[in-house]
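A.B. asks: Starting off with a structure, shown below.
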Amino acid sequence: MGSSSSSYDPKSIYLDVDGKVQKVVFSRHCSPCDIKELLCSSSNIPRNTAIMMVDPDGALVSIDPTMPTNSPNSLYKVVPLSTGQLGEKEDMFQNVLSQVAEQFSRAFRINELKTEVTNRLAMLEKRVELEGLKVVEIEKCKNDLKKLRDEMTSRGGSRVNCPCKYNFSEDGKKLTPRRDVPSYPKYTLSQETIEALKKPTFDVWHWEHNEMLSCLEYMYHDLGLVKEFNMNPITLKRWLLGIQENYRSNPFHNFRHCFCVSQMMYGMIHLCNLQEKLTLTDMGILMTAAVCHDLDHPGYNNTYQINARTELAVRYNDISPLENHHCAVAFQILSLPECNIFANVDPEAFKQIRQAVITLILATDMARHGEILDSFKQKVDNFDFTNEEHVTCLKMVLIKCCDISNEVRPTEVAEPWVDCLLEEYFMQSDREKSEGLPVAPFMDRDKVTKPTAQIGFIKFVLIPMFETVMKLFPQIEEIMVQPLRDSRDHYEELKQIDDAMTEAQKKKTENMSLGGKKK
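Following this note's numbering, the numbering of the sequence shown begins with 364 at its first residue and continues without gaps.
Written out as structure tokens, the structure is:
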């Protein structure tokens, strides 16, 4: 609206390639890395070769979207850099890094220093990514970068655990997202980790955020989604970073929960052999909905939103306000060109993907649990994988299973999640009490215990739903349904112990009271 359409026109330059004129066309929104790859391809130079570009007078031309255009009568030439030149640049990088580190402690102008260091870090990270430094050099660079980041954090030069998509400078201007290489480290997953990722027994507590990002990135590659949707791998990294930054630091509804649900979805895809039954588009919809399903969750559920008449409840007319918000944030992130993993998908196909992802995220509203499960029960005995309505219903049930699947995992992995959920519940009920709003008994710290919180949920929600899915996929019984039954038995035993202790305490109190009266 109101912007000039010329900003979207492609840009053209002309190259001298072995004495012939070669026209190169690129988008004004391409990154310098993308343009360099395009220039290498056009000039018959291997990808990832370090290059420079010169005009007819031998002057260097910057390789970025703002480079000046030329004509067929004034050709640019792409020249690969020699090993000697690279060595000199490498020495220069090391010298610059040393100077920045030495001067850092004496700097007082934080904003200027932050901009300078960020640019240096970007150059070093690009060097690591594109030129494959030796292992020792990579580790040295990582250590240097970590020290600089830690020092910046301690000096107040960065924001930690901020739910916003981007940082803001002190003068209120929004920082431009980096378009070269995302900042989280690249991890090589071991074969043991790759196999463990496919199973519900995966321990999600042993991983840092950067490692979880790398695992999610691997899942998209492993399922063939990057190839199917023609995703730019760098865009996938940026998208995942945008996702992580938009999960808040709640006790339960946080980025680790997002990873937990996504990993369970990946595990169910493998366990149920869904690659043989559903399309790759369906796989992409399932994984993307799982990753996005709780974006920007505020830590207070729909009941609170509606009773407190929050902005979200008003905006969405009390109809699944949180789930609608999660969808909106998901597609706000995808609307950013640098984060749009579906940028190369046909517009009509994207419209269908968008609608399907929205349908799945809205299905995670537990207020609709009975409706969705009843619909699936009617279809499961005569399930038809060629029937679009059947498949959509299955996908809704799958994301519901993954969303509340913690008790499927081993006790040592599942039980900490119960503590996290109760902490979030208690935060809400305390607020409801202070605001004079209704309080649900299962969220009231004065009424609920861990066993009472879990027994009913496992018996009447989890087991019936997973046993219904088991009719279609019998192979989940041993690895998913039986752990639920074991968990139910575990909490029933705990409840019996709690009840016995309560009864004993009650009798002791009564005896003490009677003894006092006799005296």
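Beta carbons are placed, not taken as given, at the ideal position from N, Cα and C, and that holds for glycine.
(1) Going along the chain, which unbroken runs of the alpha helix (DSSP H) with 4 or more residues stay wholly within the region 720-778?
(2) Could you tell me if serine 375 is buried or exposed, where buried requires 16 or more neighbouring beta carbons within 10 angstroms of its beta carbon?
(3) Would you call the region 657-668 in contact with the region 732-739, where contact means no fewer than 3 C-beta pairs closer than 8 Å?
(4) Are asparagine 707 and methionine 594 close, meaning C-beta to C-beta below 9 Å?
(5) What separation, rounded to the nearest whole angstrom, lies between the Cα atoms of glycine 647 and glutamate 711?
(6) Pick from Gln695, Ala867, Ala671, His616: whose alpha carbon is nearest that of serine 797?
(7) Are there any heavy atoms of the ligand GTP lying less than 8 Å away from the beta-carbon of cysteine 396, as far as the coordinates show?
(8) If you follow the beta strand (DSSP E) that phenylalanine 389 is part of, which residue opens it and which one closes it?
(9) Have a look at Ile696, Leu552, Gln638 and flag the residue whose alpha-carbon is nearest the alpha-carbon of threonine 598.
(10) Report the three-state DSSP secondary structure of proline 443 (helix, strand or coil).
(11) Under the assumption that lysine 858 contacts isoleucine 821 (Cβ atoms under 8 Å), give the Cβ distance between them as a whole number of angstroms.
(12) Checking 9 Å against the spacing of the C-beta atoms, do methionine 416 and leucine 402 come in under that value?
(13) Give the straight-line distance between the Cα atoms of glutamine 838 and methionine 864, rounded to the nearest whole angstrom.
(14) Check isoleucine 376 in the structure and name its three-state DSSP category.
(15) Per DSSP, leucine 339 forms a beta bridge with which residues?
(16) Could you check the C-alpha separation between isoleucine 883 and valine 824 for me, to the nearest Å?
(17) With a threshold of 8 Å, are at least 3 pairs of Cβ atoms found where one atom belongs to the region 761-768 and the other to the region 718-733?
(18) Proline 373 to lysine 590, Cα distance in whole Å?
(19) Under 8 Å, with one C-beta from each stretch per pair, do the region 419-428 and the region 387-396 reach the 3-pair mark?
(20) Quick one: grab the DSSP three-state call for methionine 430.
(21) Should leucine 603 be flagged as near chain C, meaning a C-beta pair shorter than 9 Å?
(22) Helix, strand or coil, according to DSSP, for proline 540 in the structure here?
(23) Sorted by chain position, which residues of the same chain lie with C-beta nearer than 8 Å to valine 442's C-beta, five sequence neighbours on each side aside?
(24) Name the residue from Ala777, Asn703, His633 whose alpha carbon lies nearest to the alpha carbon of histidine 853.
(25) Looking only at its chain, what residues have a beta carbon closer than 7 Å to the beta carbon of histidine 656, apart from the 5 residues adjacent to it on each side?
(26) When the Cβ atoms of the region 741-754 are set against those of the region 666-683, are three or more pairs found closer than 8 Å?
(27) Which residue comes first and which comes last in the alpha helix (DSSP H) that contains proline 435?
(28) Starting from methionine 575, trace the alpha helix (DSSP H) both ways and give me its first and last residue.
(29) Pick helix, strand or coil for cysteine 635, following the three-state DSSP scheme.
(30) Where do the ends of the alpha helix (DSSP H) carrying methionine 650 lie?
(31) Quick one: any contact between the region 609-624 and the region 783-797, if contact means 3 or more CB pairs under 8 Å?
(32) Between which two residues does the alpha helix (DSSP H) harbouring methionine 833 extend?
(33) Using C-beta distances below 6 Å, list every residue in its chain close to aspartate 681, excluding the 5 sequence neighbours before and after it, in chain order.
(34) What are the boundary residues of the alpha helix (DSSP H) that includes isoleucine 682?
(35) Here's the rule I'm using: 16 or more other beta-carbon atoms within 10 Å means buried, otherwise exposed. How should aspartate 645 be labelled?
(36) Can you tell me whether aspartate 397 is helix, strand or coil according to DSSP?
C.D. replies: If we stick to the structure as given:
(1) 732-743, 751-766
(2) Looking up residue 375 in the sequence shown gives position 12. It counts as exposed.
(3) no
(4) On the sequence shown, residue 707 is found 344 positions in, with the first residue counted as 1. On the sequence shown, residue 594 is found 231 positions in, with the first residue counted as 1. Taking 9 Å as the Cβ cut-off, asparagine 707 and methionine 594 qualify as a contacting pair.
(5) Sequence index remark: in the sequence shown, residue 647 carries index 284 (1-based). Sequence index remark: in the sequence shown, residue 711 carries index 348 (1-based). One C-alpha to the other measures close to 16 Å.
(6) Residue 797 sits at position 434 when you count from the first residue of the sequence shown. Cα-wise, what sits closest to serine 797 is Ala671.
(7) This structure lacks the ligand GTP; in fact it carries no ligand of any kind.
(8) As a working mapping, residue 389 is identified with position 26 in the sequence shown. Looking at the DSSP string, the run of the beta strand (DSSP E) that includes phenylalanine 389 is 383-389.
(9) To locate residue 598, count along the sequence shown from 1; it is residue 235. Measuring from the Cα of threonine 598, the nearest candidate turns out to be Ile696.
(10) Within the sequence shown, numbered from 1, the residue matching residue 443 stands at position 80. Note: proline 443 maps to strand in three-state DSSP.
(11) Residue numbering aside, residue 858 sits at position 495 when the sequence shown is read from its first letter. Residue numbering aside, residue 821 sits at position 458 when the sequence shown is read from its first letter. That belief does not hold up - the Cβ atoms of lysine 858 and isoleucine 821 are roughly 12 Å apart, past 8 Å.
(12) One-based indexing of the sequence shown puts residue 416 at position 53. One-based indexing of the sequence shown puts residue 402 at position 39. Yes, they are a contact pair.
(13) Position 475 of the sequence shown, counted from the start, is the residue given in the question as residue 838. Position 501 of the sequence shown, counted from the start, is the residue given in the question as residue 864. Looking at the two C-alpha atoms, the distance is approximately 40 Å.
(14) Residue mapping note: residue 376 aligns to position 13 of the sequence shown, counting from 1. Correct three-state label for isoleucine 376: strand.
(15) The structure shown does not extend to residue 339, since the chain is modelled only from 364 to 882, so the question has no answer here.
(16) This structure does not reach residue 883, given that the chain is present from 364 up to 882, and the question cannot be answered.
(17) yes
(18) Within the sequence shown, the letter at position 10 stands for residue 373. Within the sequence shown, the letter at position 227 stands for residue 590. Cα to Cα, proline 373 sits roughly 25 Å from lysine 590.
(19) yes
(20) Numbered from 1 along the sequence shown, position 67 holds the residue referred to as residue 430. Note: methionine 430 maps to coil in three-state DSSP.
(21) Although the question refers to chain C, the structure presented lacks it and comprises just one protein chain.
(22) Translated into the one-based positions of the sequence shown, residue 540 becomes position 177. Bear in mind that a pLDDT of 40 at proline 540, under 50, signals an unreliable position, so the number given afterwards is only what the model happens to contain. Correct three-state label for proline 540: coil.
(23) Residue mapping note: residue 442 aligns to position 79 of the sequence shown, counting from 1. Hits under 8 Å: Ile414, Met415, Met416, Val417.
(24) By 1-based counting over the sequence shown, the position of residue 853 is 490. When only C-alpha atoms are compared, the closest one is Ala777.
(25) Translated into the one-based positions of the sequence shown, residue 656 becomes position 293. Taken in chain order, the residues that qualify are Val624, His689, Ile724, Thr727, Ile762, Asp766.
(26) no
(27) As a working note, residue 435 is residue 72 in the sequence shown. From DSSP, proline 435 is part of no alpha helix (DSSP H); its letter is neither H nor E.
(28) Taking the sequence shown and counting its residues from 1, one reaches residue 575 at position 212. 572-585 is the extent of the alpha helix (DSSP H) around methionine 575.
(29) Within the sequence shown, numbered from 1, the residue matching residue 635 stands at position 272. Correct three-state label for cysteine 635: coil.
(30) For the purposes of this step, residue 650 is identified with residue 287 of the sequence shown, where counting begins at 1. Looking at the DSSP string, the run of the alpha helix (DSSP H) that includes methionine 650 is 643-655.
(31) yes
(32) Looking up residue 833 in the sequence shown gives position 470. It spans 826-835 - the alpha helix (DSSP H) in which methionine 833 sits, taken as one unbroken run.
(33) What you label residue 681 is simply residue 318 of the sequence shown in a count that begins at 1. Excluding sequence neighbours, aspartate 681 sits near Ile669.
(34) In the sequence shown, residue 682 corresponds to position 319, counting from 1. Unbroken run through isoleucine 682: none, as it is neither H nor E.
(35) Position 282 of the sequence shown, counted from the start, is the residue given in the question as residue 645. Buried: at least 16 other Cβ atoms inside 10 Å.
(36) Locating residue 397 in the sequence shown gives position 34, counting from the first residue. Helix.
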